[in-house]
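J.:
Residue numbers (the working numbering): 333 to 979.
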């Protein structure tokens, strides 16, 4: 049989261990591959926070970022002990975490569909350019993904064998996932779901095993919970960004109630997720159809293997759909993307089997076996759709790559040298090195929030840094206008609670006309269909602007401004240019040295009128056209504070 012989030639010579060895070797080799014209690794805002927590752990201090578990930071701290306190050490640890994630994925896929399908899916993941880019971020997504995959795989083994040690080990792994990121809590119902899907397997022994599974989760979480209480936190910190504060939901994500959120997840989220993925993965139609195929026929045919896949995937569906609403970085749904590839590999093998049967005359076209014909047509369409899409969209891309390979993002180099990017790009690290060499230790450095950690990291934490939101940083204290409208309630998280109190005080002072708005600006990403960007209408009150001026002229200090930072106020730049000297100006980074004597020379009459950034007026017009309800709320609030947009 043709296809069967092909499969035997491709896979028959390797045992299960052979597949795993190939996967490990391919990942290790890929670690030495770097884009020629782009960074080898990138550090996001959260990545900076993980590095800072790792540095504290490395120095024997307690972590202070309590709404995110410590596992990833602990591993980064271990990398500091091994390779030194460098971002490069964190990069290699993160690469090893990706290897762990792929191996866990292979093991789970092997238990569900067998080693051949799992190997093919793992191969597709390793060769994916987009996943390659995601894994180079200093981020924890592949760590909790690996823990979840391995936990599910071990639980399946425990369910089949009734071995109590497997139930315990599965729970410990999920506990480690929860200590990595709170999204792992989605998998707490996994044992119950498996028990419901496989009715024939339920027994008292399984029930005891499930109890052991949950007890082991509690056991591994207990030390962290005790630590949280010692830091005046509560167990709700385990929920992280998922804390149930629906009174604050509108200011956070644009939803007043959970019912509306669920409705939008099902309809808008599904469409948004598909569209976003389709821009990044040309195989998206095939991936989605494959997954839907497994969901539908897994129940229709009561296929045990497909139901195992469903039990793993279904718990992550809400988070996957949320990506379509907020589009907060592809890394947040790598778990779903990897499972999509497993479904696709499953369908590829199913297609080969069906082709083999057609060749063997076990299925004949126009025969009475309508179900088999339908299956053949469905799985064949999986290939037709992406091929058409690929031919339409990729011809020019490939010719361009061939002509301009050296300057394209596909150009590569090999080696162990790491080029840093993101918040650790060269222009940022150069400015930090200049500070270390030219500014006395212990001086006040106002870095702002976006690049504070690389500055701290490369100046060896030897200065007084001002970067916390809600405080005076390299700009005055500011507020998001939608927060002033919705009046967010106090939150459990200490930083959010502090900001909430600031907002409440600002609302009261405006209501009593004891203060007034003097600056309004918007960020570069404001014009978006995602509310978290449209929320970024930022304002400054007169009292905070005066306090900023007094604070930065009270003694000599240094203020950093970055061309790539998110928040710009023209009036603030005017203040800095009048009361300080520019001592560093290179590659989009400026450092101002304040001159206290210039305080009395500043023209305070500039505070008497409203300053709206030039681009903000256009942003308001755009909002009025596309999101009129949001604009009307903003216009009403501003009118109540004697500000009339008159668009």
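We treat Cβ as the ideally placed atom computed from N, Cα and C, and that holds for glycine.
Kindly indicate the opening and closing residues of the alpha helix (DSSP H) around residue 790.
T.: Counting along the chain, the alpha helix (DSSP H) containing residue 790 begins and ends at 784-790.
J.: Kindly indicate the opening and closing residues of the alpha helix (DSSP H) around residue 796.
T.: It is not in any alpha helix (DSSP H) - residue 796 instead sits in the beta strand (DSSP E) that spans 796-798.
J.: Any idea what DSSP makes of residue 858, helix, strand or coil?
T.: Coil.
J.: Who are the Cβ neighbours of residue 537 in its own chain at under 6 Å, not counting the five residues just before and after it?
T.: Here the set comprises 494.
J.: Do the segment 374-389 and the segment 476-491 make contact, defined as three or more Cβ pairs closer than 8 Å?
T.: They do not touch, by the three-pair rule.
J.: Along the chain, where does the alpha helix (DSSP H) that runs through residue 519 open and close?
T.: Taken as a continuous stretch (DSSP letters only), residue 519 belongs to no alpha helix (DSSP H), as it is neither H nor E.
J.: Would residue 592 be called buried (16 or more neighbouring beta carbons within 10 Å of its own) or exposed?
T.: So residue 592 ends up on the exposed side.
J.: Between which two residues does the beta strand (DSSP E) harbouring residue 809 extend?
T.: Here residue 809 belongs to no beta strand (DSSP E), and DSSP marks it neither H nor E.
J.: Since residue 411 contacts residue 425 with CB under 8 Å, what's their CB separation in whole angstroms?
T.: Yes, they are in contact, since the Cβ atoms of residue 411 and residue 425 sit about 4 Å apart, within 8 Å.
J.: My output table needs one value for residue 846: the three-state DSSP class, helix, strand or coil.
T.: Here residue 846 sits in coil by DSSP.
J.: In whole angstroms, what separates the C-alpha of residue 649 from that of residue 668?
T.: Whole-angstrom Cα-Cα distance: 8 Å.
J.: In whole angstroms, what separates the C-alpha of residue 550 from that of residue 520?
T.: When rounded, the distance between both Cα atoms is 11 Å.
J.: Pick from 818, 387, 955: whose alpha carbon is nearest that of residue 836?
T.: It is 818.
J.: Would you check if the distance between the CB atom of residue 783 and the CB atom of residue 760 is smaller than 7 Å?
T.: For residue 783 and residue 760, yes; Cβs fall inside 7 Å.
J.: Count the other C-beta atoms from every protein chain shown that fall within 10 angstroms of the C-beta of residue 664, then say buried if there are 16 or more, exposed otherwise.
T.: It counts as buried.
J.: Leaving out five residues before and five after residue 902 in sequence, what residues of the same chain have Cβ atoms less than 7 Å from its Cβ?
T.: So the qualifying residues of the chain are 943, 945.
J.: Nearest by alpha-carbon distance to residue 780: which of 796, 950, 765, 974 is it?
T.: Minimum Cα distance to residue 780 is reached at 796.
J.: Check for me: the beta strand (DSSP E) holding residue 912 runs from which residue to which?
T.: Residue 912 -> beta strand (DSSP E) spans 912-918.
J.: Quick check on the burial criterion: 16 or more other C-beta atoms within 10 angstroms. Buried or exposed for residue 322?
T.: Summary: the structure shown does not reach residue 322, with the chain confined to residues 333 through 979, and so no result is reported for it.
J.: Which first and last residues belong to the alpha helix (DSSP H) in which residue 866 is found?
T.: It spans 863-866 - the alpha helix (DSSP H) in which residue 866 sits, taken as one unbroken run.
J.: Answer yes or no: do residue 970 and residue 963 have a C-beta to C-beta separation smaller than 7 Å?
T.: No.
J.: Between the Cα of residue 770 and the Cα atoms of 507, 924, 509, which residue gives the shortest distance?
T.: Selected option, being the one with the closest Cα: 924.
J.: Measuring alpha carbon to alpha carbon, tell me which of 918, 524, 429 ends up nearest residue 647.
T.: With distances taken between Cα atoms, residue 647 lies closest to 524.
J.: On the three-state DSSP scale, how would you describe residue 824?
T.: Residue placement at residue 824 cannot be trusted, given a pLDDT of 39 that sits under 50; the coordinates are not used to answer.
J.: Just tell me which of 471, 535, 477, 467 has its CA closest to the CA of residue 491.
T.: Residue 535 is the option with its Cα nearest to residue 491.
J.: Just reading off the beta strand (DSSP E) that residue 892 is part of, what are its end residues?
T.: Element bounds for residue 892: 890-894.
J.: If you count every other CB in all the chains shown that lies within 10 Å of the CB of residue 423, and 16 or more means buried, which is it?
T.: Buried, because 16 or more other Cβ atoms sit within 10 Å of the Cβ of residue 423.
J.: Suppose contacts are defined by Cβ-Cβ distances below 7 Å. Is residue 500 in contact with residue 544 by that definition?
T.: Against a cut-off of 7 Å, the Cβ pair of residue 544 and residue 500 comes out as a contact.
J.: For residue 967, I'd like the list of residues in its chain whose CB is within less than 7 Å of its CB, leaving aside the five on either flank, ordered along the chain.
T.: Once the five neighbours on either side are set aside, the close Cβ partners of residue 967 are 977.
J.: Please go through the same chain and pick out, in chain order, the residues whose beta-carbon is closer than 6 Å to the beta-carbon of residue 825, but skip the five residues on each side of it.
T.: Confidence at residue 825 is low in this model, with a pLDDT of 41, below 50, so its placement is unreliable and no value can be given for it.
J.: Count the other CB atoms within 10 Å of the CB of residue 881; is the residue buried (16 or more) or exposed (fewer)?
T.: It counts as buried.
J.: Does the beta-carbon of residue 502 have 16 or more other beta-carbons within 10 angstroms, so that it is buried, or is it exposed?
T.: That one is buried.
J.: In three-state terms, what does DSSP make of residue 972?
T.: Note: residue 972 maps to helix in three-state DSSP.
J.: At what residues does the alpha helix (DSSP H) containing residue 883 begin and finish?
T.: Taken as a continuous stretch (DSSP letters only), the alpha helix (DSSP H) holding residue 883 covers 874-884.
J.: Could you give the C-beta distance for residue 673 and residue 619, rounded to a whole number, given that I count them as a contact under 8 Å?
T.: So it is a contact: roughly 7 Å between Cβ atoms.
J.: Sorted by chain position, which residues of the same chain lie with C-beta nearer than 6 Å to residue 918's C-beta, five sequence neighbours on each side aside?
T.: For residue 918, where only same-chain residues beyond five positions count, there are no Cβ hits under 6 Å.
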